[in-house]
Amino acid sequence: MEQRLFEKFHEWYENRHEYAKGWKERTGGKALGYFCTYAPEEIIYAAGVLPVRILGSHEAQSFTEPHIFAMFCPLCRDCLAQGLQGRYDYLNGIMIAQCCLHMRQAFTSWQKHIPQEYSYYLYMPHGIQTPRAYPYLRGELEDFKKSLEEWTGREITNKDLDHAIEVYNENRRLMKQVYSFRREKTPRLTGLEAMEMVVSSQMVDKEEHNQALKKLLKELPNRKLNRSTGTRLMVLGSEDDDVEFLSMVESLDATFVIEDHCTGSRYFWNEVIPQEDRLAAIAARYIDRPACPSKDWPKRTRLPHILKLAKDYDVEGAILIQQKFCDPHELDIPAIRSHLETNGIPTYFLEFDVTVPVGQFKTRVEAFLETFQLPTDLF
Amino acid sequence: MAENKYETKPLDCWNEAKQLRKDYYENFARARKNGGIRWAGGAWSFSAVPAGLGDDVYSLTGEPYGATVAFNKEFAEECHEAAEAKGYARDLCAYMRNYWGSILLDKFAWGGEWPKPDFLWTTHICCSHAKWYQVASELEGNVPFFCVDVSVGPYNERSERKLNYMVSQMMDGIEWMEKVTGREYDDEKLIQAVYNECRATSLWAEICTLNKTIPTPLDEKTMYSLYVLGTLMKHRKECADFYEKLRDEVKDRVANKIAAVGNERFRVMTDTQPPWAFLELWRYLQKYGVVSIGSLYTFGLIGIFEVKEDGTWGPRTTPQEQGIEIETREEALKTLAEWTLSRPEWQHFYSPELKSEMMKRIVKEWQVDGVMLHYNRGCEGLTIGIAENKLALKEAGIPVMHFEGNMGDEREFDLERTKAEVDAFLEILGAR
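Protein sequences, first through last, are from chains S and Y. Residue 1 in numbering that gives the first Met the number 0 is what sits at position 2 of the first sequence, and the numbering runs on without skipping anything. Residue 261 in numbering that gives the first Met the number 0 is what sits at position 262 of the second sequence, and the numbering runs on without skipping anything.
Below, the structure written as structure tokens:
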């Protein structure tokens, strides 16, 4: 029973390409790949297009060597490698909502070397703490909407936008409800299951995802996991959908009860607050969402947000992971560690590459987890 | 060693450039004693804006400071170790780590204690820019910090909306500066600073354009000591005046065929910041009659260009040359925003192809024989897309090599290995 509940999300996560191909066949619609979760998916969805997040496959590769200098993060290279290997050949187009320099390279190299009928660079502001960003992004979204209309040959009406906003907001609400079961003393889902649920939502039709979530929520209150919760951990840092790592840690008498990742809570934490001007409402949602470090300045809004998550989910310790060379996270990690530790939450830092040295990480995480055990009488 | 073919001599205004640079750092260090204001921020900050606070306002721009530290290997290492001990990764921007290290060590590269600024004022186009000063503010005890987001896309996609986004942030910034300094803002000083900046950055472009001549009147190693003034104080009258004097001297060198390198036989261009502690590599090239005429970096980091009627690159016509009179704060800021968006080194943040096109233009117009790309581990901002630039240059049939290093962290540069790579490239060019 335990496995069945999340099986659908796992299946979508594992078979993302087959899903998208099937969706296209079923609906006759187009699929648009996006590179960062600042992509305003509501507008894409309102155009009748399936937004598909482009992610890596965690395999060593050399396809990207001629295209991206190796000092840029493994994720951007892994993403581009998927395109160069033709794994996303069903996409009709790609778009990026301006994010870090790393991911932008995956986008621009993809644009150049992988033929697409459509590509779009949305100049998502970095200065999300200035009130000037709201009207600016609203205008940029209007341009994006027009561009999508020209591409698809159909007008995106207010009704379409309202429907998309509702579907997306419902998805966010439902996932938050699922997350509430992670706050319990004995969480009813693992961190790995949560990750697969969230990441699959970035790849499948949200209406379908909502149906699966509703079904899950009916059964979840009765679920009992046949495992010890162990140490309640938080994981935060660069993009992380590494199944091997998450399952390894959760095999060590520990459970990830919350995270601050764009493959987790950061993706869906806030809703679009409806207003008459739909694009202004969508712009506000993306500006006000929990920030990516590349946009978190001049104030550090991430610190209180992360600490609140840690407290709400009764976190005992935090693992900070970072993709090698991921400058935005490298710039935040010292401040986050210090903030969490000052507030009584021990932290442990790990640096990832495209693949994970599981054996070494296991030893290190075990050592970290040992620090949570009650001291024994040595003498 | 290739034989000399051309007359060569040092620049007459060389010492003046050195003095301007020395005065810049000393004025900053002394500013507070004299009742003045000091601010710090990136070399791409809208430095004309704080000029409206008075004539006794001095700046410290982070990148040239980081390069100054890099030139001193021992101090740079101390800085890097201090930043690393604080938890900052060693693959972060090397200039930034030199700067933070100086704060942590409380040591100024030009002597004495770290001169804490009154406020921080910068722009954000690279992922590290705003974060650099966010951390600096924290390390310095919460120095007030304001950053203008300029990541609105390349110049060929500019629009009123994008300009208004930048201008409105700068308007807010001026109100903020008045609050943090307690000073009243003078729009007339802002307007003059904008004129100065347009003049200085157009003049630098004109100076670079003079290098199209054979023999080149300036070599890149010399240019490093000259373009730096634009990274320190592009908005100041003395910078524009100096570039005017330099332009006249370089014109004179062109007219009299005075070469930067007497044995010039081959012309190369580089890319991104050099490994500052190893500029001897540029002298090494000259042994074989190879001169670097510059790069998109030395030209376009500060220089503002435009396409002239004959289709070639030349200095951008300034507002004052067009007879435009700036009368209000808003007009001044809009002029500054529009002018700055055309900066060549801002274009590649959105597309490597824009940069590749500019590089191919330089190869053609500056009569370049080969390109040496510095895959610079110390700067993700200027290295973004560099592998695609290499592919594009190769596709265009241009001889190209790359060498790996770091502009500010000598631990990541291997001089002997690089020389061996350069040797192979020079053989391909026929220079060896």
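Just so it is clear, CB atoms sit at the ideal spot from N, CA and C, and this is done for glycine as well. Please read all numbers here as calculations on a predicted model, not as lab measurements.
Min CB distance Thr-271(Y) to chain S below 8 Å: Interface with chain S (8 Å Cβ-Cβ cutoff): Thr-271(Y) is excluded.
Contacts of Gly-34(Y) in chain S (Cβ-Cβ under 8 Å): Scanning chain S for C-beta atoms nearer than 8 Å to the C-beta of Gly-34(Y) yields nothing, as the closest lies near 27 Å away.
Per DSSP, the bridge partner or partners of Lys-146(Y): Rather than Lys, the amino acid found at residue 146(Y) in this sequence is Cys. Cys-146(Y) is bridged by DSSP to Thr-121(Y).
Contact check, Leu-300(Y) vs Thr-382(Y), beta carbons under 8 Å: No, these two residues do not count as a Cβ contact at 8 Å.
Among Asn-97(Y), Lys-211(Y), Val-267(Y), nearest to Ala-82(Y) - alpha-carbon criterion: Answer by Cα proximity: Asn-97(Y).
Option nearest Ile-42(S) by Cα separation, candidates Cys-99(S), Lys-20(S), Ala-132(S), Arg-137(S): Between Ile-42(S) and the set Cys-99(S), Lys-20(S), Ala-132(S), Arg-137(S), the nearest pair of CA atoms involves Arg-137(S).
The ligand SAM heavy atom lying under 7 Å from the CB of Arg-265(S): Of the ligands one can find in the structure shown there are none, so the ligand SAM has no counterpart to examine.
Proximity test, Cβ basis, 8 Å: Met-0(S) and chain Y: Because Met-0(S) sits at a pLDDT of 46, beneath the cut-off of 50, its placement in the model cannot be relied upon, and the point is left open.
Chain-ordered chain S contacts of Ala-386(Y) [CB-CB under 7 Å]: The contacting residues are Pro-65, His-66, Ile-67, Phe-68.
Nonlocal neighbours in the same chain, by C-beta distance under 7 Å from Val-355(S), ignoring five residues either side: Cβ neighbours of Val-355(S) beyond the five flanking positions: Asp-241, Glu-243, Phe-244.
Supposed close pair Tyr-154(Y), Leu-332(Y) - CB separation, criterion 8 Å: Their Cβ separation, rounded to whole angstroms, is 17 Å, which puts Tyr-154(Y) and Leu-332(Y) out of contact at 8 Å.
Beta strand (DSSP E) runs wholly inside the region 194-263 of chain S, at least 3 long, in chain order: Complete beta strand (DSSP E) runs here, min 3: 230-236, 253-259.
Start and end residues, alpha helix (DSSP H) containing Ala-331(Y): Going by DSSP, Ala-331(Y) is part of the alpha helix (DSSP H) stretching over 328-340.
Test: Leu-91(Y) CB closer than 8 Å to a CB of chain S: Chain S contact via Cβ: present.
Option nearest Asn-221(S) by Cα separation, candidates Ser-246(S), Ser-337(S), Val-177(S), Met-196(S): Answer by Cα proximity: Val-177(S).
Interface flag, Pro-333(S) vs chain Y, CB-CB below 8 Å: At least one CB atom of chain Y sits nearer than 8 Å to the CB of Pro-333(S).
Reference Ser-101(Y), options Gly-404(Y), Ala-135(Y), Pro-143(Y), closest by Cα: Closest option to Ser-101(Y), Cα to Cα, is Ala-135(Y).
Within chain Y, partners of Pro-327(S) - CB distance below 7 Å: What Pro-327(S) touches in chain Y: Cys-126.
Selection from Asn-170(S), Lys-307(S), Phe-351(S), Tyr-37(S) that minimises the alpha carbon distance to Ile-286(S): The shortest Cα separation from Ile-286(S) among Asn-170(S), Lys-307(S), Phe-351(S), Tyr-37(S) belongs to Tyr-37(S).
Cutoff 8 Å: Arg-160(Y) Cβ touching any chain S Cβ: It does: the Cβ of Arg-160(Y) has a partner Cβ on chain S nearer than 8 Å.
Contact set between Tyr-133(S) and chain Y, taken where Cβ atoms lie within less than 9 Å: Those within 9 Å of Tyr-133(S) in chain Y number zero; the least Cβ separation is about 10 Å.
Residue-level contact to chain Y via CB, Arg-336(S), 8 Å cutoff: So yes, Arg-336(S) belongs to the interface.
Residue-level contact to chain Y via CB, Cys-99(S), 8 Å cutoff: Yes, Cys-99(S) lies at the interface with chain Y (some Cβ there is under 8 Å from its Cβ).
Close Cβ partners of Arg-103(S) (< 6 Å) along its chain, the five nearest in sequence each way excluded: Once the five neighbours on either side are set aside, Arg-103(S) has no close Cβ partner at all.
Assigned secondary structure, Trp-22(S) (DSSP; H/G/I helix, E/B strand, else coil): Of the three classes helix, strand and coil, the one that applies to Trp-22(S) here is helix, per DSSP.
Three-state class that DSSP yields for His-503(Y) in the structure shown: Nothing about residue 503(Y) can be reported from this structure: the residues present for chain Y run from 0 to 431 only.
As assigned by DSSP and simplified to three states, the class of Asp-276(S): The answer is coil: DSSP assigns Asp-276(S) none of H, G, I, E or B.
8 Å Cβ shell around Tyr-18(S) - same chain, five flanking residues per side excluded: For Tyr-18(S), where only same-chain residues beyond five positions count, the Cβ hits under 8 Å are Trp-11, Met-202, Val-203.
Alpha-carbon spacing of Ser-199(S) relative to Lys-214(S), whole angstroms: Roughly 16 Å between the two C-alpha positions.
Spatial distance of Ala-366(S) from Thr-254(S) (CA atoms): In this structure, the alpha-carbon of Ala-366(S) lies about 16 Å from that of Thr-254(S).
Val-357(S) versus Pro-333(S), Thr-156(S), Ser-246(S), residue with shortest Cα-Cα distance: Comparing Cα-Cα distances from Val-357(S) to each of Pro-333(S), Thr-156(S), Ser-246(S), the minimum goes to Ser-246(S).
Cβ of Cys-146(Y) within 8 Å of any chain S Cβ: Yes, Cys-146(Y) lies at the interface with chain S (some Cβ there is under 8 Å from its Cβ).
Proximity test, Cβ basis, 8 Å: Trp-150(S) and chain Y: Trp-150(S) does not count as touching chain Y.
Contact belief for Gly-86(Y) with Ile-335(S) at Cβ below 8 Å, rounded distance in angstroms: Incorrect: roughly 10 Å between the Cβ atoms, too far for contact.
Contact list for Trp-109(S) against chain Y, beta-carbon separation under 8 Å: For Trp-109(S), no chain Y residue has a Cβ inside 8 Å of its Cβ, as the nearest lies near 11 Å away.
Whole-angstrom C-beta distance between Gly-35(Y) and Tyr-57(Y), which should lie under 8 Å: So it is a contact: roughly 6 Å between Cβ atoms.
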